[in-house]
Amino acid sequence: MSAASLLDLKSLSAQDVERLFSAARTLSGESPSGRGDFERKRGLTAALVFFEPSTRTRLSFETACHREGFGPLVLDANSGSSLEKGETYEDTVLNIAAMMPSVMVVRCGDDVDLAGLSKRVPCPILNAGWGRRGHPTQALLDAYTIHARRGGLRGQKVLIIGDVRHSRVAASHFELAGIMGYEVALCAPPEFLPESATVPVFHELRAGLEWATVAMTLRVQLERHSGKADLEAYHRDFGLRPESLKALPKDGLIMHPGPINHGVEMVVEVMRDPRNVILEQVRSGVLIRQALLRSLWERKA
Ligand code: NCD
22 MSAASLLDLK SLSAQDVERL FSAARTLSGE SPSGRGDFER KRGLTAALVF FEPSTRTRLS
82 FETACHREGF GPLVLDANSG SSLEKGETYE DTVLNIAAMM PSVMVVRCGD DVDLAGLSKR
142 VPCPILNAGW GRRGHPTQAL LDAYTIHARR GGLRGQKVLI IGDVRHSRVA ASHFELAGIM
202 GYEVALCAPP EFLPESATVP VFHELRAGLE WATVAMTLRV QLERHSGKAD LEAYHRDFGL
262 RPESLKALPK DGLIMHPGPI NHGVEMVVEV MRDPRNVILE QVRSGVLIRQ ALLRSLWERK
322 A
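Each residue of the sequence shown is one higher than the one before, counting from 22 in the numbering used here.
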């Protein structure tokens, strides 16, 4: 990789991504406690700074830190941090950086200048979800899961369903699809589509699912909406249900980055569909984040 920080995927080549996948594949065969070089890394820390809520991303980075020998320092800025006393995001990041972690993993809103901060801190910053701009490790773990299940990425047809306009996950897939040669199309009501879509758009779920090899549905991100979304109408037209999923090929995949709103993006029965790989995405998340941390360490060593 050209730069140590990972703020987006644009700077990665297909080879970089393949190398990461190959490291994740190796890790998937290792016992989590089987690493022998913890001594070497004793004292290294990774600061996980979360200005927005998170379950999967935060805990999988934390798990990856434990498995790779980085002591995780976790700041959940929403409970008990000095932001409550008026400290700025910028000062928070700079103060944590002054404690000399080996890497910082940051989740923040669009209003934080993460790119500017990455030039001012002495360690790499990994973007763990930056406003609507991108969520590179989520797209990487999704792509790794698709690659593992479907034997490759080239030519796969990923239908991104739902609130694309507010989704950093979709933004990162637009970047990664170009690098790895998979196709992306969107399926959503007009108010959830980006202002200008550069990929094909399906206005009906059935047609989209017939085209797709992967149905990736997104949470309706009410916290980023200015108006009120009609969730019932959305579920009626775009919600995944056993009947609607008949249109998806039998060997297709059903994905969701989580958290799921059951009854909105999908009904709970979809969790039992054999094509559903949502928990596998979570497992992949730990591997990809471990592989990333390891690659940072190896670059330094
Ligand atoms: C996503 C996020 O935070 O961007 N979730 C995740 O990281 N697994 C998607 C979402 O919040 O809907």
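All C-beta atoms, glycine included, are put in the ideal place defined by N, C-alpha and C.
Let me make sure I understand the geometry here. Which of the options has the alpha-carbon closest to that of residue i?
i           : options               : result
residue 29  : 149, 68, 74 and 42    : 149
residue 165 : 124, 46 and 52        : 46
residue 311 : 68, 82 and 69         : 82
residue 259 : 221, 183 and 222      : 183
residue 90  : 114, 109, 115 and 123 : 123
residue 188 : 242, 161 and 136      : 242
residue 291 : 86, 237 and 249       : 237
residue 121 : 67, 232 and 108       : 67
residue 224 : 234, 112, 206 and 173 : 206
residue 151 : 175, 307, 71 and 77   : 71
residue 256 : 272, 284 and 276      : 284
residue 52  : 37, 87 and 117        : 87
residue 201 : 169, 103, 217 and 173 : 173
residue 96  : 111, 69 and 261       : 69
residue 136 : 269, 168, 198 and 25  : 25
residue 178 : 229, 99, 204 and 304  : 204
residue 198 : 271, 161, 44 and 131  : 161
residue 306 : 85, 43 and 39         : 85
residue 268 : 233, 287 and 286      : 233
residue 159 : 108, 27 and 295       : 27
Straight-line CA distance for residue i to residue j?
i           : j           : result
residue 212 : residue 246 : 10 Å
residue 316 : residue 301 : 22 Å
residue 79  : residue 289 : 24 Å
residue 282 : residue 240 : 7 Å
residue 254 : residue 293 : 24 Å
residue 157 : residue 146 : 12 Å
residue 143 : residue 126 : 13 Å
residue 309 : residue 194 : 16 Å
residue 219 : residue 64  : 46 Å
residue 114 : residue 139 : 10 Å
residue 93  : residue 298 : 28 Å
residue 49  : residue 75  : 24 Å
residue 171 : residue 249 : 38 Å
residue 100 : residue 190 : 25 Å
residue 229 : residue 118 : 45 Å
residue 208 : residue 216 : 14 Å
residue 244 : residue 271 : 35 Å
residue 167 : residue 319 : 26 Å
Within the present structure, is the beta-carbon of residue i separated from the nearest heavy atom of ligand 1 by less than 8 Å?
i           : result
residue 288 : no
residue 157 : no
residue 284 : no
residue 176 : no
residue 107 : no
residue 215 : no
residue 95  : no
residue 305 : no
residue 179 : no
residue 238 : no
residue 186 : no
residue 78  : yes
Pull the bridge partners of residue i from the DSSP assignment, please.
i           : result
residue 66  : 92
residue 223 : 208
residue 97  : 71
residue 150 : In the DSSP output, where bridge partners are listed per residue, residue 150 has none listed.
residue 129 : 151
residue 138 : Note: residue 138 sits in no beta bridge, so no partner.
residue 27  : 147
residue 124 : 67
So does residue i have its beta carbon nearer than 8 Å to some heavy atom of ligand 3?
i           : result
residue 145 : Ligand 3 is not among the ligands present in this structure, which contains only ligand 1.
Next on the checklist: Could you tell me which whole alpha helix (DSSP H) segments of length 4 or greater appear in the region 229-308?
Outcome noted: Runs of the alpha helix (DSSP H) inside the region 229-308: 252-259.
Every unbroken alpha helix (DSSP H) inside the region 154-205 [4 residues or more]:
Counting only runs of 4 or more, we get 157-171 and 189-201.
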